[in-house]
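S.K.: Residue numbers (full-length UniProt numbering): 1 to 280.
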């Protein structure tokens, strides 16, 4: 299927609506080819692959998808098998479920499966992921960290991700679990890296032009450390609070966009006018 609007990635902050509206999952289906879509659900991250896989199969079939398969890769040996790669030949979208992002990177990272998906991204494949399946998208990913705490050097543990999205760090369940401190700590370690925190039932859609579009019921929080004036992260003991100055933060709800290339938020004036009309 030809891909709509050059979309490459759909990154979901977890807790997406699976009941009534299913807004985000509907969008995944729409972008993947609507009723002609072929979706592969990758359950490597979860300890409950059968239950989780069947749930997403049911939802995608209910949304009218033509074909849905679950692929549960449990070892690097499996991830290098030709029959696994062949099962992806006609797939329009691979959807990574939640669980543990380190399972995804340690089992799939650098394998034939990983390389195949990376190559197919350039040919129109859509890669979608929720929760742990969101965190693993970036080159450097959050593995674990403290919640509802001030930023400290020990607040966050980082590891290499799958590298589908360059130059960013993704965190999920963001405002619901108070993760701003650990994202600030991650950005302070490399200020050129852009931190993106995604709320539950919220997603970002990434186009080939490296533009973010926000959908869902929550917000995304973008932490841009490029212009940090000062941080004491290299001087502090791990458990001491950090000092960080001149951090740029953007809060963007549904309908707003952000340019990853220019690092600027794009205001949706049409949406703003609609809201003004609604309040008259």
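Cβ atoms here follow ideal geometry from the backbone N, Cα and C, with glycine treated the same way.
Counting only runs that start and end within the region 28-69, where is the alpha helix (DSSP H) found for 4 or more residues in a row?
M.R.: DSSP runs (the alpha helix (DSSP H)) wholly in the region 28-69: 49-62.
S.K.: Out of curiosity, what's the CA-to-CA distance linking residue 71 and residue 41?
M.R.: 6 Å
S.K.: Measure the Cβ-Cβ separation of residue 250 and residue 13 and say whether it is below 8 Å.
M.R.: In this structure, residue 13 does not lie closer than 8 Å to residue 250 by Cβ.
S.K.: CA-CA distance, residue 127 and residue 96?
M.R.: About 8 Å.
S.K.: With a cut-off of 8 Å on the beta carbons, I'd call residue 63 and residue 165 a contact; round off their distance for me.
M.R.: Not quite, the Cβ-Cβ distance comes to about 25 Å (not below 8 Å), so this is no contact.
S.K.: In the structure shown, what three-state DSSP assignment does residue 13 receive?
M.R.: coil
S.K.: Does the Cβ of residue 46 have 16 or more other Cβ atoms within 10 Å, making it buried, or fewer, making it exposed?
M.R.: Buried, since its Cβ has 16 or more Cβ neighbours within 10 Å.
S.K.: Note down the Cα distance separating residue 105 from residue 118, rounded to an integer number of angstroms.
M.R.: 14 Å
S.K.: Do residue 7 and residue 207 come within 8 Å of each other at the CB atom, strictly closer than that value?
M.R.: yes
S.K.: Beta strand (DSSP E) containing residue 250: first to last residue?
M.R.: Note, residue 250: beta strand (DSSP E), 248-253.
S.K.: Looking at the structure shown, is residue 123 part of a helix, part of a strand, or coil, going by DSSP?
M.R.: Residue 123 falls in the coil class under three-state DSSP.
S.K.: Using 8 Å as the Cβ pair cut-off and three pairs as the minimum, do the region 144-162 and the region 194-210 touch?
M.R.: no
S.K.: Take residue 25 as the anchor and find which of 240, 227, 246 and 94 has the nearest alpha-carbon.
M.R.: 94
S.K.: Of all the options 34, 257, 120 and 191, which has the alpha carbon lying nearest to the alpha carbon of residue 225?
M.R.: 191
S.K.: Could you name each continuous alpha helix (DSSP H) segment of 4 residues or more that falls completely within the region 119-205, going from the start of the chain to the end?
M.R.: Entirely contained in the region 119-205, the alpha helix (DSSP H) runs reaching 4 residues are, in chain order, 132-135 and 180-189.
S.K.: Can you check whether the CB of residue 108 is closer than 8 Å to the CB of residue 73?
M.R.: yes
S.K.: Starting from residue 308, follow its DSSP beta bridges and name the residues at the other end.
M.R.: Given a span of 1 to 280 for the chain in the structure shown, any question on residue 308 remains unanswerable.
S.K.: In angstroms, rounded to a whole number, what distance separates the CA positions of residue 144 and residue 123?
M.R.: Answer to the nearest angstrom: the Cα atoms are 33 Å apart.
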